[in-house]
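Protein chains in written order, with my numbering: chain C, 11 to 309; chain R, 82 to 407. Following: one structure in structure tokens, then a few remarks.
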Amino acid sequence: MDHAADSTPSGTPMRSTRKWVLRARLKRVILYTVAILLGILFMFPFAWTVASSLKQPRELFIFPPTFFPEALQFDNYITIFRDYPFDRWYANTFLVVILNTAGVLITSSIVAYGFARFNFRFRHILFILVLATMMMPPQITLIPRFILFDKLGWLNTLLPLWLPAWFGGTPFAIFLMRQFMLTLPKDLDEAAVLDGASYFRVFWEILIPLCKPALATLAIINFIAVWNEFLDPVIFLSSVEKFTVAVGLWYFQAQPMSSTPTAHLLLAASVTTIIPPIILFFAFQRYFVRGVALTGLKG
Amino acid sequence: MAQKKSLISTANTTTVDARSPALSIDQSRGRSRRHLKPSTWGYIFISPWILGFLIFSGGPLVASLFISLTEYDILSSPNFVGVDNYRFAVSEDPLFWNSLWRTTYFAIVAVPLGLIGSLALAVLLNQALRATTFFRTLYFLPHLTPAVAMAILWSWLLHPTLGFANNFLTGLGLPEFAWLTSRETVIPTLIMISLWAGVGGNTMLIFLAALQGIPRDLEEAAELDGAGSWNKFKVITLPLISPVIFFNLILGIIASFQVFTLAFVATDGGPSYGSWFFILHIYNQAFSYFRLGYGSALAWIFLLIVLALTLFNFVVGRRWVYYQGE
């Protein structure tokens, strides 16, 4: 039958078109179903945790467990800041994240300017070195950095978590900024240099305003990375009041800080640590997605 | 307004005036500052990175090679022991091979599954669904979850008696699963968690951007030739995005060998060293027992393994990665 339909164009096309439309519609239904089911799969652990974090402690030990709290315990979210040092840990983390990100943005773009706009003898090999350190797992240098920070008297301070960022930021940041600067026309800043502007002015008044999209991308990628960082702070910090929120959360889970059950508070605290990256993502989604895609395609 | 105008006119006058000696002074000042050659300026601009590299990464890297040849506990001065630490690692430390195997097991399963999963999600999102941005956000959110929160969240979901997972299974009449509580199931469970967190993340975004960059006419040509969806995918899509697959494969392997926080928080390396990953081993040797020399030796072995894997990938990659315009 199908064969005949193909060979005789008259009469049968109607039917085959209808079949095609039906098939396309079916395909869409299946696609949407899959997409929605996957969405539920990805979101469910959050939903379960948020629901649990709004329960009373005894509800968490009901067997079999229920999804909905008997009454919403928003108090849990207040308790963690009132009775436990989460306020302190948040303050520390915000301080680290802001100082670190500022350092990355400022110094990596200065360095990127050097790599993108000047010719010097070892430029190529030094840039390869930047790329090599980008691939190097940071755990390799953990022990010597620990010893260095010990000698400098920086252990158990927040300095190791942000001050190194003021020395060129991260290799990834330099790479991203350089790639972006290479896409900007050179005539702009060359003209300014001929007009007598200093290189610093060219950098600050011409290139930086043009680099705003790349800087925005970098700012949120770096914010999220530093926010989530765990290994460095858990090693460099030792007293509870110095902890960042990631370390504090781990500490709160591992050490009993109270004689009463704290599972509900632990879950509430976990939920709060997810919120800042999510807010940032929603606010700057455009920059974020474009930046990630850019690095992937250029690499 | 008047004030502004007068300001402008003064500015103009200065420029005119500047043609006289005033400017030449200005210019000579500019020139003396630019006495430095542009190449010198290049070094000046990259100097923060040079310093940072020497102090915080290159220097420490070399230092750790020396430390790895010593016994050092930070309190007393280091004691040179030659390659003893390396010999001890491969021949006497039972946890060395265990942690290396556990890490490899994790990576060997998690990386391919992660790549396939990310690519599948990207293909799904590339099907011109109406709410692409909405779904993309849903899939991406787990990736933003801090690892510590992720470990706590999943420990709670997978709690043997009170967790959702086992109660769901028994509700369906299925047997309970050990999840994070047995040596046999802990790695598959950690892989599952890391897939949940990773498949919709950066890797998916990069794949999606690559898929969107494939020219429509190529696909249309294949369709006219009567290629089915699968053939079209295999013959057109895969070769065109192979550089991106390669990029994600390299980064994925490097990242998965660094697995640490999830296991450290959720299982502390257990049960019975079942999730004792390599970085956990380094962490414990260096910062629980303060065997900094031995820890550095482990770190160097780790670096060499990651380096070897990356080189291997580049060599093999030459065979299957297709670069346009070459």
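Glycine included, C-beta positions come from ideal geometry on N, C-alpha and C. Note that this is a predicted model, so its numbers are computed, not measured.
Between residue i and chain C, is the shortest Cβ-Cβ distance under 9 Å, so that the two count as touching?
i: residue 392 of chain R; result: no
i: residue 303 of chain R; result: no
i: residue 188 of chain R; result: no
i: residue 212 of chain R; result: yes
i: residue 405 of chain R; result: no
i: residue 338 of chain R; result: yes
i: residue 129 of chain R; result: yes
i: residue 183 of chain R; result: no
i: residue 197 of chain R; result: no
i: residue 311 of chain R; result: no
i: residue 194 of chain R; result: no
i: residue 245 of chain R; result: yes
i: residue 401 of chain R; result: no
i: residue 164 of chain R; result: no
i: residue 422 of chain R; result: The structure shown has nothing for residue 422 of chain R, since chain R only spans 82 to 407.
i: residue 145 of chain R; result: yes
i: residue 296 of chain R; result: no
i: residue 416 of chain R; result: Outside the shown range of chain R, which is 82 to 407, sits residue 416 of chain R, and nothing can be said about it.
i: residue 270 of chain R; result: no
i: residue 167 of chain R; result: no
i: residue 248 of chain R; result: yes
i: residue 220 of chain R; result: yes
i: residue 377 of chain R; result: yes
i: residue 283 of chain R; result: yes
i: residue 124 of chain R; result: yes
Are the Cβ atoms of residue i and residue j separated by less than 9 Å?
i: residue 326 of chain R; j: residue 200 of chain R; result: yes
i: residue 243 of chain R; j: residue 71 of chain C; result: yes
i: residue 273 of chain C; j: residue 237 of chain R; result: yes
i: residue 329 of chain R; j: residue 266 of chain R; result: no
i: residue 241 of chain R; j: residue 270 of chain R; result: no
i: residue 53 of chain C; j: residue 222 of chain R; result: yes
i: residue 121 of chain C; j: residue 184 of chain C; result: yes
i: residue 260 of chain R; j: residue 55 of chain C; result: no
i: residue 186 of chain C; j: residue 113 of chain C; result: no
i: residue 123 of chain R; j: residue 155 of chain C; result: no
i: residue 391 of chain R; j: residue 335 of chain R; result: yes
i: residue 337 of chain R; j: residue 187 of chain R; result: yes
i: residue 358 of chain R; j: residue 350 of chain R; result: yes
I'd like the list of long-range same chain contacts for residue i, defined as Cβ closer than 8 Å, with 5 residues on each side in sequence excluded.
i: residue 83 of chain R; result: At residue 83 of chain R the pLDDT is 41, less than 50, meaning the model places this residue with poor confidence; the figure from the coordinates comes in the next sentence. Same-chain partners within the cutoff: there are none.
i: residue 229 of chain R; result: 342 and 346
i: residue 238 of chain C; result: 256 and 287
i: residue 111 of chain C; result: 175, 229, 232, 233 and 236
Within 9 Å of any Cβ in chain R, is that where the Cβ of residue i sits?
i: residue 323 of chain C; result: In the structure displayed, chain C extends from 11 to 309; residue 323 of chain C sits before or after that span and is not available.
i: residue 178 of chain C; result: yes
i: residue 271 of chain C; result: no
i: residue 68 of chain C; result: no
i: residue 160 of chain C; result: yes
i: residue 218 of chain C; result: no
i: residue 127 of chain C; result: yes
i: residue 245 of chain C; result: yes
i: residue 266 of chain C; result: no
i: residue 45 of chain C; result: yes
i: residue 79 of chain C; result: no
i: residue 108 of chain C; result: no
i: residue 263 of chain C; result: yes
Skipping 5 residues on each side, what residues in its chain have a beta carbon closer than 6 Å to that of residue i?
i: residue 159 of chain R; result: 151 and 153
i: residue 77 of chain C; result: 61
i: residue 279 of chain R; result: 195
i: residue 67 of chain C; result: 271 and 274
i: residue 106 of chain R; result: Low per-residue confidence applies at residue 106 of chain R: pLDDT is 42, beneath 50, and the placement is therefore not dependable, though the value from the model is reported in the following sentence. So no residue of the chain qualifies.
i: residue 125 of chain C; result: 137 and 188
i: residue 202 of chain C; result: 212 and 216
Going along chain D, which residues have a C-beta under 8 Å from residue i?
i: residue 149 of chain C; result: Protein chains C and R are contained in the structure displayed, whereas chain D is not.
If you drop the 5 nearest sequence neighbours on each side, which residues of the same chain put their C-beta closer than 7 Å to that of residue i?
i: residue 144 of chain C; result: 181, 182 and 185
i: residue 376 of chain R; result: 363, 366 and 367
i: residue 281 of chain R; result: 202, 220, 221, 223 and 224
Between the region 269-283 of chain C and the region 83-90 of chain C, are three or more C-beta pairs nearer than 8 Å?
yes
Ranges of the beta strand (DSSP E) found wholly within the region 187-258 of chain R, counting only runs of at least 3:
none
Entirely enclosed alpha helix (DSSP H) segments - the region 301-355 of chain R, minimum 4 residues
Counting whole runs of 4 or more residues, the region 301-355 of chain R contains the alpha helix (DSSP H) stretches 310-313, 319-338 and 342-347.
Uninterrupted alpha helix (DSSP H) stretches inside the region 104-188 of chain C (no shorter than 4 residues)
Correct list: 133-145, 152-162 and 169-172.
Between the region 168-185 of chain C and the region 132-150 of chain R, can you find at least three pairs of beta-carbon atoms closer than 8 Å?
Yes, the region 132-150 of chain R touches the region 168-185 of chain C.
Spell out a yes or no on whether the region 223-233 of chain C and the region 287-299 of chain C are touching, meaning 3 or more CB-CB pairs, one atom from each, closer than 8 Å.
yes
Output the residue ranges of the alpha helix (DSSP H) runs that lie fully inside the region 120-173 of chain R and measure 4 residues or longer, sorted by chain position.
140-148 and 165-172
Taking contact to mean at least 3 C-beta pairs separated by less than 8 Å, is the region 367-382 of chain R in contact with the region 169-183 of chain R?
yes
Could you say if the region 161-172 of chain C and the region 98-112 of chain C meet the contact criterion of at least three C-beta pairs nearer than 8 Å?
yes
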